[in-house]
Amino acid sequence: MFTIPSPCLKNWLLDTGSLTERLQSQCTSFHLTLVGQRQAQITLEEFRRVSAPNQELNLEEWQVREVLLWGDNQPWVFARSILPQRLCESDFVNLNTKPLGQLIFNDERFKRMPFELTHMSPSKDFLEKLHIESEMKLWGRRSAFTFEDLQMTVSEVFLPNSPAYQEMK
1356 MFTIPSPCLK NWLLDTGSLT ERLQSQCTSF HLTLVGQRQA QITLEEFRRV SAPNQELNLE
1416 EWQVREVLLW GDNQPWVFAR SILPQRLCES DFVNLNTKPL GQLIFNDERF KRMPFELTHM
1476 SPSKDFLEKL HIESEMKLWG RRSAFTFEDL QMTVSEVFLP NSPAYQEMK
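In C-alpha cells form, the structure reads like this:
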C-alpha cells in the first residue's frame, strides 16, 4: 500500500464526486482537449477490468479515449478511458470535447467501483507527448464503472501543475 504524502492529495485521489466539476471550481478557465478517441489496442490488464468472464479480446468492442483537462491554461489531469463500443454508438455518441464526467455523474445508471491508486515516474515519451517537463512522481487513480451489462474504466493522472499537489510545492 502507498503512503499518500499530503492530506490535500489524498482528498483529491479519494474524492468520489465528479473530478471535472471539482477542477472547474478551482479555476477561472477550464477546458478539455481530446488527445484521441478510437478503436485501439488495450492492454491485457485493461481488458480484464472491462470484460465479462470468458469474453475474448475483440478490439472492435472497445474504444480508447484520451483527454487532457486544463485549468487556467495549465494541463492538470491526463485521463485514459476504455469505453465499450456499444456506449460510443449510443449514450456517448458525439462526445468529442465534452467531459465524460458530465455524462457519468448525471446518469444514475452508471455505478462506480472502488478506486485503485498508483504513483509513478512517468516515461519521457509520456511527458513529451503532453509537452510537460517534470521530474516529480505523479499520482493517479483508476475507477471501473458499470452501466447495465457493460463495464468501462477511467484512469486519471494528476499532472505536476494540478491543484492536487498544492500542499507539496
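So in our numbering, the last spot in the sequence shown is 1524, and the numbers never skip. Backbone N, C-alpha and C define an ideal beta-carbon position, used for all residues, glycine too.
Under DSSP, the alpha helix (DSSP H) around residue i begins and ends at which residues?
| i | result |
| --- | --- |
| Pro1430 | Looking at the DSSP string, Pro1430 is not in any alpha helix (DSSP H); the run it does join, the beta strand (DSSP E), is 1429–1439. |
| Gln1379 | 1374–1379 |
| Phe1402 | 1399–1405 |
| Lys1466 | Counting along the chain, Lys1466 falls outside any alpha helix (DSSP H), though it belongs to the beta strand (DSSP E) covering 1465–1467. |
Once DSSP output is grouped into helix, strand and coil, what is the label at residue i?
| i | result |
| --- | --- |
| Met1523 | helix |
| Lys1453 | coil |
| Lys1365 | helix |
| Phe1481 | helix |
| Leu1412 | coil |
Can you find the residues in the same chain that come closer than 7 Å, C-beta to C-beta, to residue i, ignoring five residues on each side of it along the sequence?
| i | result |
| --- | --- |
| Met1491 | Pro1515 |
| Lys1466 | Phe1500, Thr1501 |
| Thr1537 | Limits of the chain in this structure are 1356 at one end and 1524 at the other, which puts residue 1537 out of reach. |
Under the assumption that residue i contacts residue j (Cβ atoms under 8 Å), give the Cβ distance between them as a whole number of angstroms.
| i | j | result |
| --- | --- | --- |
| Phe1470 | Arg1496 | 5 Å |
| Leu1414 | Gln1396 | 7 Å |
Nearest to residue i by alpha carbon, out of the options?
| i | options | result |
| --- | --- | --- |
| Val1390 | Ser1489, Ser1498, Phe1481, Tyr1520 | Phe1481 |
| Cys1382 | Ile1487, Asp1462, Trp1431, Ser1498 | Trp1431 |
| Val1405 | Glu1503, Val1512, Met1475, Val1448 | Glu1503 |
| Arg1420 | Asp1427, Asn1409, Lys1453 | Lys1453 |
Looking only at its chain, what residues have a beta carbon closer than 8 Å to the beta carbon of residue i, apart from the 5 residues adjacent to it on each side?
| i | result |
| --- | --- |
| Glu1401 | Ile1437, Thr1508 |
Excluding sequence positions up to five away, which residues of its chain have a Cβ less than 6 Å from the Cβ of residue i?
| i | result |
| --- | --- |
| Thr1388 | Leu1423 |
| Ser1373 | Gly1456, Phe1460 |
Start and end of the beta strand (DSSP E) containing residue i?
| i | result |
| --- | --- |
| Met1491 | Here Met1491 belongs to no beta strand (DSSP E), and DSSP marks it neither H nor E. |
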